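Plus 13 on top of the position in the sequence shown (first one is 1) and you've got the working numbering.
Even for Gly, the Cβ is constructed at its ideal location relative to N, Cα and C.
From a predicted model like this one, the values you see are computed outputs, not experimental measurements.
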Amino acid sequence: MLHTNQLTYTLKHLCLLAVIALIVSACGATQQIGKGDKRFEMEQYDKAIEYYKGALANAGNPGEVNYKIAESYRLSNRLAEAEPFYKAALDAGFKKEDAYYYYGMALKANGNYEEALNQLQDYARIGTNSRLKGLAAREVENFSQLNDIMRGTQAYEIQNLTALNTEGSEFAPYILNNELVFSSTRGSGKAYLGNGEGFIDIYATPLSDSMAESSNPIRKFDQVNLEDIHDAMATFTNEGRTMVFARGNEGTKKGRQNVDLFVTYFRSNAWTEPKLLTINDPRAWDSSPAFSPDGKTLYFSSDRKGGLGGNDIYKVEVGENGRFGSPENLGPDINTPGNESFVHVAPDGTLYIASDGLPGLGNLDLFRVENGKPVNMGAPVNSPGDDFSIYFQNTTRGFFSSNREGGKGGDDLYGFVKSQRKQVNFYVDGTVYLRREGAKQQTIVPNQLVVLQNEKGQKIKETTSDAEGKFSFALDTASTYSLISEKAGFFTARQRITTTGKMPSQDQLTEDVTDVRLTATLVLNEIVKEKPIVLENIFYDFDKANIRPDAAVELDKLVEILEDNPNISIELSSHTDARGSDIYNLDLSQRRAESAVEYIISKGISRSRITAKGYGETRPVVRNAKTEQDHQRNRRTEFKVVRIQE
C-alpha cells in the first residue's frame, strides 16, 4: 500500500512538473512573439525572425507565427526564403488572403513555376481582396509568356565577380574614371536590423581585364558615406563631377525611415556636403537614380502617391544651370501595378529597368525598352531570383546584380559579354475582302485604305491595298496592333495582331538577318438592316440575368463593333428554349437582354443607339427541338441593325 501511495504521489508530482513546464514554455513563447512583434513594427525584420523562430516550437498558434516569419523575409527582400513558412502557415490552417498570393509569388521566386501558377490561379478565382486578385490575375497572364521568355535565351556569357563579392551584398555597378563604383554591405560596422547585413556604403575599385579575379584595392567613398545609414546607388554625369545617390532607412525609431535622393559635387578634389534633392517626396521612398548619357535627364524610382503600383519610374529634366525639374511618371507603357526600379541608360540611349510586374522568370527581371515597350532580356541574365542593376560599359559588355542560386553572398555582382545578335524584322502581310449579302463568295478589294493602330488606338501608319487586295506593314518587336479598314455600307473590318512572343531564339536563326512575316485577313461584311447576327458564347447562370465574365468578353466585341461603326443603331435580343412557361421565358429573356444592354452602355455606348428586347421562346432557330444541342441553339443572344445614319 505504501508503494502504491508513493507511486501515486510521484506520478502526480511529475504531471504537475509537466504542466508547469508547458505553462512556462507557453509563456516564454508568448514573450518571444511579443518581442518579435515589436521588432516587426520597427521594420527590424531580421531580429523579428530570430524571436519568432525561437517561439515556434511552443507557440499555440504556429500558423500565425510561420506567417509572421514569412512576412519578415518578404519585407526584407528575401521572398524566396519565405516560401516554406507561407506553406507551413497555410498547412496549419492560417487564413489570411495575402498569404495565398505571396506563397504563389515565393514559389515563382524559387523557380517552382507550375506550383506557383496553380496557387495564383486558385487565388485569382476564389480570393475576395480585389487588389490582390487583380495582381494574381496579372501574374497568371504573365505566365502565358513564360515559355517564350525561356525559349528566348540571349547570347550572353556571364561570370560571378568572385574576387569582388562578399557574403553580404554587392550591387549598383557604375564605371567612373576607369574605376568600378558599386554599393555593398561589406564592412565591420553595426548590422542593419532589417536584414541582418551591414549598412550599405559606396565603394570603388580599379577596373581590370578580369574583374572576377581582380586583387585591386577597394576604397570607400568616405566623403559621402555616413555611419549607420544606407548610402548607395551612385550615378554620375558624363564629366563625373556631379553625383546623385540614395540615402536613408537608418533602421532606428527616430532615424530617417524613407530613402531619399541626395546630390554632391566634386570641387577642389573633394566631394561637397551632400544636399537633399528638391524632387524627393517626403512621404515616399525615392531611390535608384540614373543619369542619361548626356546628363540632361535623371531617372529614378519612387512609390509616391499617384503612381501606377508599388515603385514607378520617373524622370526629371536637368537644366543648364544644374537645377532639377518636376518629376514625370513614365506611364503605363513602362510602369505596372508591381515595382519598377534600378534604371540604366546605356551608351546607345537604350533604357533598361528591373521589374517584378512584367512577365519574367523570377521576382525582379531585367528588361530593355524597345519602341517604348519593355522586353524581357531572357536567360542567362535573368533567373528565378532577383536580377537587377544592369550597367553597360559599352554595347557588348557590362555588369549586373543577382541573388540567384550559386552566388557568393546575398546580391552578387556579375560581369557579362554580349555576342553579336542576329537581326529579326517583323512584317504583316494581309488581304482585304468584301462580302455582300447573298453572294456565293467574297471578293478582293483593290485600292482600299488600311490603317495600323497601336494598343492605345493611335494611328501609326496607313496604306492602300494593291490590285490583288494585298497590303503590308513593317512591325516592331514585342508590340500589339490593330489592322482596320472602313467602307460605307459595310461593317468596319478589324484584326488584332501581335509580335509579342513571336521572336525566334538566336539559336534558331541561321542568317544574319531574318524576316518573320505574319498574315492577316480583313473582311468587310455588308450591313443589312433587320438581319439577326448571333453573339456566340453568351451564357447565363440558371434563372439569372447577370453578366458572367465569359459573357462580358463576347459583349466587349459588340462594344467594339459599335465603336467602329458609330452610324449604326441596334436591337439586342435574348432568346430562350421552349422549356418553361411562355410568360416566364419572356420575362427571363427581357431581363437578360436589358442586363446585356446596361453592360454595353457602361462601356460608353450611347443609350440612344441600343434597345433591349426579350423574345422568350417565340423565335426558335430549331422548331420542335428535341436534343440538348437544338435547345442550346435556341438559347441565344443576337443583335440586328435597325437604323443606319447616313
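Integer Cβ distance of residue 59 from residue 290, believed to fall under 8 Å
That belief does not hold up - the Cβ atoms of residue 59 and residue 290 are roughly 30 Å apart, past 8 Å.
Which complete alpha helix (DSSP H) runs does the stretch 197 to 240 hold, if anything under 4 residues is left out?
Counting only runs of 4 or more, we get nothing.
Please confirm whether residue 300 and residue 321 have their CB atoms less than 9 Å apart.
no
Check whether the stretch 604 to 618 touches the stretch 570 to 580, counting contact only when three or more Cβ pairs, one atom from each stretch, lie closer than 8 Å.
They touch, by the three-pair rule.
Beta-bridge partners of residue 644, as assigned by DSSP:
Bridge partners of residue 644: none, in fact.
What does the Cβ neighbour count give for residue 363, buried or exposed, with the cut at 16 atoms within 10 Å?
exposed
Chain-order list of residues whose beta-carbon lies under 6 Å from that of residue 591 (same chain, five-residue window excluded)
630
Report the option in 394, 466, 483 whose CA atom is closest to the CA atom of residue 475.
466
Counting only the same chain and skipping the five closest in sequence on each side, list residues whose C-beta sits under 6 Å from that of residue 61.
Cβ contact annotation for residue 61 (same chain, cutoff 6 Å, sequence separation greater than five): 49, 52, 53, 85, in chain order.
Is residue 178 helix, strand or coil when you go by DSSP?
coil
Assuming the contact rule is C-beta atoms closer than 8 Å, residue 374 and residue 162 should be a hit. Round their C-beta distance to whole Å, please.
Cβ-Cβ separation between residue 374 and residue 162: approximately 6 Å, consistent with a contact (criterion under 8 Å).
Burial state of residue 349 (16 or more Cβ within 10 Å):
buried
Going by DSSP, what residue range makes up the alpha helix (DSSP H) through residue 601?
595 to 615
Residue environment, residue 182, which counts as buried when at least 16 other CB atoms sit within 10 Å
buried
Would you report the Cα separation of residue 65 and residue 79, rounded to the nearest angstrom?
8 Å
Just verifying my parser: in three-state terms, what is the DSSP assignment at residue 496?
strand
Curious, which full-length beta strand (DSSP E) runs of at least 3 residues does the stretch 387 to 456 contain?
400 to 405, 410 to 415, 425 to 431, 436 to 448
Quick one: measure Cβ to Cβ for residue 455 and residue 477, integer angstroms, because I've assumed they're closer than 8 Å.
With 8 Å as the limit, residue 455 and residue 477 do not qualify as a contact, their Cβ atoms being about 19 Å apart.
Distance CB(residue 149)-CB(residue 159) smaller than 9 Å:
no
How big is the Cα-Cα spacing for residue 665 and residue 135?
The requested residue 665 is not part of the displayed model; the chain covers only 14 to 659.
Could you tell me the boundaries of the beta strand (DSSP E) in which residue 156 lies?
Per DSSP, residue 156 belongs to no beta strand (DSSP E); it is in the alpha helix (DSSP H), 143 to 156.
Residue 538 to residue 449, Cα distance in whole Å?
6 Å
So what does DSSP say about residue 360, is it helix, strand or coil?
coil
Cβ contact check for the stretch 491 to 502 and the stretch 383 to 400: 3 or more pairs under 8 Å
yes
Tell me the rounded alpha-carbon separation between residue 664 and residue 353.
An answer regarding residue 664 cannot be provided, because it is not within the stretch 14 to 659 covered by the chain.
So, is residue 143 buried or exposed, given that buried needs 16 or more other C-beta atoms within 10 angstroms?
exposed
Take the Cβ of residue 328 as the centre, count every other Cβ of all protein chains shown within 10 Å, and call the residue buried at 16 or more, exposed below.
buried
Identify, in the order they occur along the chain, each residue of the same chain with its Cβ nearer than 6 Å to the Cβ of residue 367, setting aside the five sequence neighbours on each side.
354, 355, 377, 379, 401
Using the Cα positions of residue 96 and residue 365, report the straight-line distance between them to the nearest angstrom.
One C-alpha to the other measures close to 29 Å.
Just how far apart, CA to CA, sit residue 626 and residue 535?
31 Å
Quick check on residue 505: does DSSP put it in helix, strand or coil?
DSSP places residue 505 in coil when its eight states are reduced to three.
Beta-carbon spacing of residue 623, residue 583 below 9 Å
yes
Does the stretch 172 to 188 touch the stretch 418 to 433, meaning 3 or more C-beta pairs lie closer than 8 Å?
Per the Cβ contact rule, the stretch 418 to 433 is in contact with the stretch 172 to 188 (3 or more Cβ pairs under 8 Å).
Residue 324 versus residue 346: straight-line alpha-carbon distance, rounded
The straight-line gap from Cα to Cα measures roughly 14 Å.
Where residue 145 and residue 388 are concerned, what is the direct C-alpha to C-alpha distance, given to the nearest angstrom?
25 Å
Residue 487 and residue 440 look like a contact to me (Cβ under 8 Å); what is the Cβ gap, rounded to whole Å?
6 Å
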